[in-house]
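In this note's numbering, the protein residues as written are 18 to 451. Beneath this line is the structure, given in structure tokens, with notes to follow.
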């Protein structure tokens, strides 16, 4: 069976499960496809406490450092054949910035700031050799596979997604952002729009459509009780392997052309556009500064700079930045140093986040946060939660943003948010045609 079919059969009837895969060719972003089910504990983080759920028992632990408390709950493993060998798997909402920065929050925050399952076993597929194996720590649950059989394919139905921000409202947001840019508060701010829809049936089938429409470096299906996160993210937030730290800022967008020649022309336009190059350089510098806070002095450098990478609906400028983790810091320190990505906030980052809070009409929730894992062996890998679909209790949202700079025009930036949301909206609309 293909890894996705294995996951389909195992996750059937599971309340909590995850699938992390890479459909980027070649598979440079992921050494393995990872999947897990029924974590031994669920940890949800809030401003001043966390909740720890084991089975039907839930307890509250008050803390001023929810990430630190999560870290102390992690077992330590020396098994490092792969980056992921069990650990905390889940999502960090954008609103978790309140745990690391003193930034105002004008809107309700209905969800936990982060939500992780603690997975002590799982299935890994080596993307290079094709080998599939099951690993476990305390309890061998491999008997679940003995009775595994092909589960029936589900179906889903959706309503037509509705934009909560029309072009008139988006124009007003951009005009206000321009005032801050002209006053010297910021160089850029990323403003986003949200689309809402209702969904019934099996969200895994929605993910099945998305993975065909928009194969990406970071594909994920994360089921957490009544909450499902589906994603096809092109962008890494941070990855740590041993003492190697990596990040891949993406900034600069053009659509894919109808022909190879048109795509090449648009790529050439992207690499020669002074505005796009200046914006990308600014965000690369921000990314270097972020990981530089936890890396050894002099080790942070770009491995590749401003390379055009094609995706299903758009093409982007991408830079690969690396550094060596300072021995005083760990993966949690590194995560907090880069979160959230400057490519979803703007620059300077803190002031841009303050303006986002003012101009956007509701909290971002999971959008522009991070999906991934902290592994028991000290490695981690997180994608930025963009090009994603967020579902809870039958209510779904998609959100996409555009980087606003001094010469940004509302029509062009509005169209960019439409393009970035295109694959998700198309997958959703396939369900509304039933």
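For glycine and all other residues, C-beta sits at the position ideal for the given N, C-alpha and C.
Closest option to residue 60, judged by alpha-carbon separation, among 135, 102 and 82: 135. For a cut-off of 8 Å, the C-beta gap from residue 220 to residue 173 is around 6 Å, short enough to register as a contact. Residue pairing by DSSP places residue 397 opposite 257 and 391 in a beta bridge. DSSP places residue 287 within a helical segment (H, G or I) once states are collapsed to three. Judged by their CB atoms, residue 308 and residue 317 are nearer to each other than the 7 Å cut-off. Judged by their CB atoms, residue 35 and residue 254 are not nearer to each other than the 7 Å cut-off. For residue 256, the CB contacts under 6 Å within the same chain, skipping 5 residues up- and downstream, are 263 and 398 in chain order. Our two residues, residue 203 and residue 41, have alpha carbons roughly 34 Å apart in a direct line. Under the three-pair Cβ rule at 8 Å, the segment 208-223 counts as touching the segment 184-200. Restricted to the segment 347-393, the alpha helix (DSSP H) segments that are unbroken, complete and at least 4 residues in length are 348-355 and 366-376, listed in chain order.
The C-beta distance from residue 387 to residue 249 rounds to 15 Å, too long to fall under 8 Å, and the pair is not in contact. A Cβ-Cβ contact shorter than 7 Å links residue 130 with residue 62.
With 16 or more other Cβ atoms from the protein chains shown falling within 10 Å of its own Cβ, residue 330 counts as buried. Contact check for residue 267 against residue 431 fails: the beta carbons are separated by 7 Å or more.
The segment 93-113 and the segment 363-382 touch, with no fewer than 3 CB-CB distances between them shorter than 8 Å. Judged by DSSP in its simplified three-state form, residue 167 adopts coil rather than helix or strand. Closest in alpha carbon position to residue 127, among 410, 344 and 283, is 410. Looking at 39, 277, 310 and 273, the one whose alpha-carbon comes closest to that of residue 344 is 310. Nearest to residue 87 by alpha-carbon distance, out of 434, 420 and 391, is 391. If you look at residue 196, you'll find it in the alpha helix (DSSP H) that goes 184-199. In this structure, residue 258 places its C-beta atom within 7 Å of the C-beta atom of residue 396.
Residue 117 and residue 244 have their C-alpha atoms roughly 25 Å apart. If you check the CB distance, residue 361 and residue 385 come in under 7 Å. Around the CB of residue 413, 16 or more other CB atoms lie within 10 Å, so the residue is classed as buried. For residue 88, the enclosing alpha helix (DSSP H) starts and ends at 83-90. Relative to the Cα of residue 321, the nearest Cα in the group 251, 69, 335 and 284 belongs to 335. Fewer than three Cβ pairs drawn from the segment 67-86 and the segment 150-161 lie within less than 8 Å of each other, which leaves the two stretches out of contact.
Residue environment: residue 226 is assigned as buried (16 or more neighbouring CB atoms within 10 Å of its CB, all protein chains considered).
The DSSP assignment places complete beta strand (DSSP E) segments of no fewer than 3 residues inside the segment 120-160 at 131-136, 138-143 and 149-153, in order along the chain.
When C-alpha distances from residue 265 are compared across 252, 272 and 367, the shortest belongs to 252. Within the same chain, and ignoring the five residues on either side of residue 319 in sequence, the residues whose Cβ sits closer than 6 Å to its Cβ are 336 and 338.
Of all alpha-carbon atoms in 21, 406 and 54, the one lying nearest the alpha-carbon of residue 442 is that of 406. One alpha carbon belongs to residue 287, the other to residue 323, and they sit about 10 Å apart.
DSSP places residue 330 outside both helix and strand once states are collapsed to three, so it counts as coil.
A direct Cα-Cα distance of roughly 8 Å separates residue 72 from residue 57. For residue 266, no beta strand (DSSP E) segment is defined, and its DSSP state is neither H nor E.
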